[in-house]
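Working notes, beginning with the structure itself.
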Amino acid sequence: MKKQLVFATNNRHKLEEVRLILENTYQVLSLEDMDCWEEIPETGSTLEENARIKARFVWNRYGLDCFADDTGLEVPALNNAPGVYSARYAGEQKNSEENMCKIVWELANKDDWSAHFRTVIALICGGQEYLFEGKINGHLIKEKRGDKGFGYDPIFVPQGQDKTFAELGNEIKNTISHRAIAVNQLKAFLYENLSE
Ligand code: IMP
Numbered sequence: 004m005k006k007q008l009v010f011a012t013n014n015r016h017k018l019e020e021v022r023l024i025l026e027n028t029y030q031v032l033s034l035e036d037m038d039c040w041e042e043i044p045e046t047g048s049t050l051e052e053n054a055r056i057k058a059r060f061v062w063n064r065y066g067l068d069c070f071a072d073d074t075g076l077e078v079p080a081l082n083n084a085p086g087v088y089s090a091r092y093a094g095e096q097k098n099s100e101e102n103m104c105k106i107v108w109e110l111a112n113k114d115d116w117s118a119h120f121r122t123v124i125a126l127i128c129g130g131q132e133y134l135f136e137g138k139i140n141g142h143l144i145k146e147k148r149g150d151k152g153f154g155y156d157p158i159f160v161p162q163g164q165d166k167t168f169a170e171l172g173n174e175i176k177n178t179i180s181h182r183a184i185a186v187n188q189l190k191a192f193l194y195e196n197l198s199e
């Protein structure tokens with residue numbers, strides 16, 4: 004029987020990405036699967052803090068091995084904004100269209116459109132906490148392209164590609180993305196340290 008691991012999210016895009024990577028060995032449960040409908044407050048000022056807050060929430064409430072991620076788009080020309088505020092860059096309504104418009108507007112007079120996504124994963128296993136990180140470099144474009152993915156995917160072109168994440172789709176995104184890198188680290192760790 005597969006081991007269970009709670010992923011502290013209800014974001015179906017993230018769940019799908021992560022389940023594909025861990026599917027052979029772990030049954031990944033979402034917050035919804037735990038009948039948890041609360042939005043866990045992300046009050047940290049760094050990706051690391053937020054990932055740890057979310058993982059601790061699940062551990063404290065359910066006592067189950069769990070992990071949480073926090074991701075930010077970091078743009079050097081904007082002093083690495085929006086970073087930890089990526090979801091609500093254009094306001095509390097967390098609207099991806101508005102976030103993309105804002106970032107394109109902010110970059111209008113800049114020469115450097117380079118950007119990277121960074122994901123931090125906090126894992127709690129048997130009460131012990133571990134951190135993993137994944138990063139992908141690329142650049143942003145002015146006009147949205149593609150209809151797959153979510154968030155900033157339509158304006159992010161990963162290094163080495165000429166298509167946006169939203170054009171590439173999950174199959175390719177999953178082999179190169181920030182989250183895939185972090186999840187693969189998590190997977191390697193679980194195999195090395197926790198397999199029976
Ligand atoms: P979260 O806090 O990890 O959910 O991520 C914060 C925000 O970053 C999300 O609301 C999205 O706008 C953006 N984001 C996270 N991961 C991705 C991704 O893989 N592609 C595009 N945008 C993302």
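So the mapping is simple: the working numbering equals the position in the sequence shown, first residue as 1, plus 3. Note that the Cβ used here is the ideal one computed from N, Cα and C, for glycine as well.
- Bridge partners of residue 140 according to DSSP: 119.
- Annotation: the continuous beta strand (DSSP E) that includes residue 74 extends over 69-78.
- Between the alpha carbons of residue 17 and residue 129 lies a distance of about 24 Å.
- Looking at the DSSP output, residue 29 sits in a beta bridge with 6.
- Assignment of residue 161 by DSSP, reduced to helix, strand and coil, places it in the strand class.
- The residue among 51, 52, 14 with its C-alpha nearest the C-alpha of residue 42 is 14.
- In this structure, DSSP gives residue 111 a state outside helix and strand, which the three-state scheme calls coil.
- Summarising the contact set, residues whose Cβ lies nearer than 5 Å to any heavy atom of the ligand IMP are, in chain order, 73, 74, 89, 90, 154, 155, 156.
- Exclusion of the five residues before and after residue 19 leaves 173 as the residues of its chain whose Cβ lies within less than 8 Å of its Cβ.
- In this structure the stretch 64-71 touches the stretch 121-136; the number of beta carbon pairs closer than 8 Å is three or more.
- Annotated three-state conformation of residue 43 is coil, per DSSP.
- Residue 128 is bridged by DSSP to 131.
- For residue 57, the enclosing alpha helix (DSSP H) covers residues 50-65.
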